[in-house]
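Visitor: Residue numbers are given in the numbering used here: position 91 of the sequence shown equals residue 116, and the series is strictly consecutive.
Glycine included, C-beta positions come from ideal geometry on N, C-alpha and C.
What you are looking at is a predicted structure, and each value in this text was computed from that prediction instead of being measured.
Got a structure here, written out as structure tokens. Questions coming.
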Amino acid sequence: MSPIDATDREIEAAIEDASSYDPRLSSFEIGVEVDNGVAVLAGTVDNLKAKLAAAQDASNTMGVWQVENNIDVEPETRPSDAEISQNIEASLRRDPYLEVGEIDVSVGLRKTR
């Protein structure tokens, strides 16, 4: 059977293999279902890079035409409001397209205003 004629189950197995060998994903349980070349990913990871890596691995698999990434990101530790505020301010100051004067970022209950 040629790679173009791979069944959905064979594609699922190939994506699962790729995820198990990817060091960004090997510690997570990622569910994979494929239907007519559309890969649906599910599960929970602790960082955005892992979620994106899973989608990349799936999209790089022969026979996959589309990826639906339903993986949830739940960080092990959540930053404080002060850390969120500092990170936003630092990002804005580094943006070359912004003329930065005084930046005032307000964060409350982990939501920016």
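Give the DSSP-derived three-state secondary structure of residue 69 in the structure shown.
Guide: The residue you call residue 69 lines up with position 44 of the sequence shown. Looking at residue 69 - three-state DSSP - the assignment turns out to be strand.
Visitor: Please return the same chain residues whose Cβ sits closer than 8 Å to the Cβ of residue 73, not counting the five positions on each side in sequence.
Guide: The sequence position of residue 73 within the sequence shown is 48, counting from 1. Taken in chain order, the residues that qualify are 98.
Visitor: Check whether the segment 108 to 117 and the segment 81 to 89 touch, using three or more Cβ-Cβ pairs below 8 Å as the test.
Guide: no
Visitor: Thinking C-beta only, is residue 57 closer than 7 Å to residue 37?
Guide: In the sequence shown, counting from the first residue as 1, residue 37 sits at position 12. In the sequence shown, counting from the first residue as 1, residue 57 sits at position 32. Contact flag set, yes.
Visitor: Determine the contact status of residue 50 and residue 78, defining contact as a CB-CB distance below 7 Å.
Guide: Within the sequence shown, residue 50 is the residue found at index 25, counting from 1. Within the sequence shown, residue 78 is the residue found at index 53, counting from 1. It is a contact, given that the beta carbons lie within the stated cut-off.
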